[in-house]
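Student: Numbering (my numbering), first residue to last: 1 to 251.
Here a beta-carbon is modelled for each residue, glycine too, at the ideal position from N, C-alpha and C.
Please read these numbers as outputs of a predicted model, since none were measured by experiment.
Encoded as C-alpha cells, here's the structure I'll be asking about.
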Amino acid sequence: MSYGFLAPSYDLLTRDVDYPKIADYLERQFRRARCPVRTVLDLACGTGSLTWLLARRGYETIGVDQSAEMLAQARDKDPEGAATPPLFLQQSMDRLDLYGNIDACVCCLDSVNYVTRPALLERAFCRVHTFLTPGGVFLFDARTPEALAAMDGQVFLDETEDAYCVWRGAFSPRRRVCTYALDLFRREGAVWRRGQEEHREYAYTLEELSDMLRRAGFVGIGCCGGMGRRAPRPGDDRVWFFARREGRYDG
1 MSYGFLAPSY
11 DLLTRDVDYP
21 KIADYLERQF
31 RRARCPVRTV
41 LDLACGTGSL
51 TWLLARRGYE
61 TIGVDQSAEM
71 LAQARDKDPE
81 GAATPPLFLQ
91 QSMDRLDLYG
101 NIDACVCCLD
111 SVNYVTRPAL
121 LERAFCRVHT
131 FLTPGGVFLF
141 DARTPEALAA
151 MDGQVFLDET
161 EDAYCVWRGA
171 FSPRRRVCTY
181 ALDLFRREGA
191 VWRRGQEEHR
201 EYAYTLEELS
211 DMLRRAGFVG
221 IGCCGGMGRR
231 APRPGDDRVW
241 FFARREGRYD
251 G
C-alpha cells in the first residue's frame with residue numbers, strides 16, 4: 001500500500017475532513033485526562049493537517065507516518081501560527097521509536113484499520129504505551145466492521161480542478177479486509193497524469209481492539225460512538241477509543 005501518487009492531491013481530495021472539529025474533540029478528552037497534556041504524538045499523521053493544527057493551538061507535536069511522500073507534504077506546510085513547528089518522523093506504527101516521552105498519542109481517520117495484520121497493530125499499541133508518560137492518554141478512531149462491509153461494490157468519485165479520483169471498494173468476509181482500488185488523474189501543467197494505488201483496511205471488532213489495548217498494558221479503556229460520550233450502537237460507522245497508561249504524572 002502506497003500513498004506515493006496520491007500524496008500531492010490528498011489535501012485537495014479530503015477538503016471535507018473537519019480537522020478543527022476533530023481537534024476540539026481531542027482537546028475535550030485531554031481535559032478529562034489525569035495529567036496535563038503538552039506533548040502530542042500524531043500517529044499516522046499523513047500530510048500533517050491535524051499535527052499542524054494542534055501545534056498552532058500550543059502543543060508540542062510529533063508527526064509519525066511511514067509514507068515519505070505524505071511527510072514531504074506535511075513538512076512543506078506553512079508554519080505561521082505555530083510557536084514550535086512539529087517534528088516529523090518516517091516510521092511504521094509497530095516500530096515507533098521516539099526521543100522521549102509524550103503526554104498523549106492520537107491516531108485519527110481510521111488509520112488503525114490500515115494495519116491489516118493484528119499482530120502488528122498490537123505491537124504498535126505496545127510501542128505507544130512505552131512512550132507515554134504515566135497517566136498519559138491514547139485516543140484513536142476506527143471504522144466498524146459493518147461500515148467496511150458496506151463498502152463492498154461501492155464506487156466513490158472525488159473531483160477538483162486539478163484532480164479526479166475514483167475509489168472502488170471490495171470487501172472480503174473471509175479475510176476481513178476491505179480493498180480500495182484507486183484511479184487518480186492529476187493535472188500537471190497542460191497534461192493529465194494517471195496513477196493507480198491499492199489501499200486496504202482490516203475489520204477489527206470493538207472487543208479485539210479493547211483486548212489489544214489491555215494486553216499492551218493500558219487501563220481505563222473505553223469507546224464511544226461518534227464524537228460524543230454515548231456507547232457505540234449497531235450501525236455506527238466509526239467509534240472512538242480512549243485509554244491511558246497506568247500511573248500518575250509527577251512532572
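(1) What does the Cβ neighbour count give for LEU157, buried or exposed, with the cut at 16 atoms within 10 Å?
(2) Go ahead and label LEU52 buried or exposed: buried means 16 or more other beta carbons lie within 10 angstroms of its beta carbon, across all protein chains shown.
(3) Please classify LEU109: does DSSP put it in a helix, a strand, or coil?
(4) Taking PHE30 as part of the alpha helix (DSSP H), name the residues at either end of that continuous run.
(5) May I ask you to report which of helix, strand or coil DSSP gives ASP183?
(6) Mark ALA203 as exposed unless 16 or more other C-beta atoms lie within 10 angstroms of its C-beta, in which case mark it buried.
(7) Could you give the distance in angstroms between the alpha-carbon of VAL64 and the alpha-carbon of VAL115?
(8) When you compare only the Cα positions, how much space is there between ARG34 and VAL137?
(9) Rounding to the nearest angstrom, what Cα-Cα distance links GLY46 and ARG248 in this structure?
(10) Beta-carbon separation of VAL239 and ALA142 under 7 Å?
(11) Give the range of the beta strand (DSSP E) segment to which THR39 is assigned.
(12) Within 8 Å, do at least three Cβ pairs link the stretch 67-76 to the stretch 94-112?
(13) Under 8 Å by Cβ, that's how I've got PRO232 and LEU206 pegged, so tell me the actual separation to the nearest angstrom.
(14) Check whether the stretch 149-166 and the stretch 103-115 are in contact - that is, three or more C-beta pairs closer than 8 Å.
(15) To which residues does DSSP link PHE241 through a beta bridge?
(16) Where do the ends of the alpha helix (DSSP H) carrying ASP211 lie?
(17) With DSSP run on the structure shown, which of helix, strand or coil describes ARG57?
(18) Is LEU50 closer than 7 Å to TYR19 when the C-beta atoms are compared?
Tutor: By the coordinates alone:
(1) Here the question's residue 157 lines up with position 157 in the sequence shown. LEU157 comes out exposed.
(2) Start at 1 with the first residue of the sequence shown, and residue 52 comes out as number 52. Contrary to the premise, residue 52 reads as Trp rather than Leu in this sequence. Label assigned to TRP52: buried.
(3) Within the sequence shown, residue 109 is the residue found at index 109, counting from 1. In the three-state scheme derived from DSSP, where H, G and I count as helix and E and B as strand, LEU109 is classed as coil.
(4) Stepping through the sequence shown from its first residue, residue 30 is reached at position 30. Its alpha helix (DSSP H) spans residues 19-32.
(5) Taking the first residue of the sequence shown as position 1, residue 183 is located at position 183. In the three-state reduction of the DSSP assignment, ASP183 falls in the strand class, which pools E and B.
(6) On the sequence shown, position 203 is the one that residue 203 refers to. That one is buried.
(7) As a working note, residue 64 is residue 64 in the sequence shown. As a working note, residue 115 is residue 115 in the sequence shown. Rounded to whole angstroms, VAL64 to VAL115 spans 14 Å at the Cα level.
(8) Locating residue 34 in the sequence shown gives position 34, counting from the first residue. Locating residue 137 in the sequence shown gives position 137, counting from the first residue. Straight-line Cα distance between these residues: approximately 9 Å.
(9) In the sequence shown, residue 46 corresponds to position 46, counting from 1. In the sequence shown, residue 248 corresponds to position 248, counting from 1. Whole-angstrom Cα-Cα distance: 31 Å.
(10) Counting from 1 along the sequence shown, the entry for residue 239 is found at position 239. Counting from 1 along the sequence shown, the entry for residue 142 is found at position 142. Against a cut-off of 7 Å, the Cβ pair of ALA142 and VAL239 comes out as a contact.
(11) By 1-based counting over the sequence shown, the position of residue 39 is 39. Secondary structure note for THR39: its beta strand (DSSP E) is the uninterrupted segment 39-43.
(12) no
(13) For this step, residue 232 is matched to residue 232 along the sequence shown. For this step, residue 206 is matched to residue 206 along the sequence shown. Indeed they touch by this definition, with Cβ atoms about 6 Å apart.
(14) no
(15) Walking along the sequence shown from the start, residue 241 turns up at place 241. In the DSSP output, where bridge partners are listed per residue, PHE241 has PHE140 and CYS223.
(16) Position 211 of the sequence shown, counted from the first residue, corresponds to residue 211. Looking at the DSSP string, the run of the alpha helix (DSSP H) that includes ASP211 is 206-215.
(17) Translated into positions along the sequence shown, residue 57 becomes position 57. Looking at ARG57 - three-state DSSP - the assignment turns out to be coil, as it is neither helix nor strand.
(18) Stepping through the sequence shown from its first residue, residue 19 is reached at position 19. Stepping through the sequence shown from its first residue, residue 50 is reached at position 50. For TYR19 and LEU50, yes; Cβs fall inside 7 Å.
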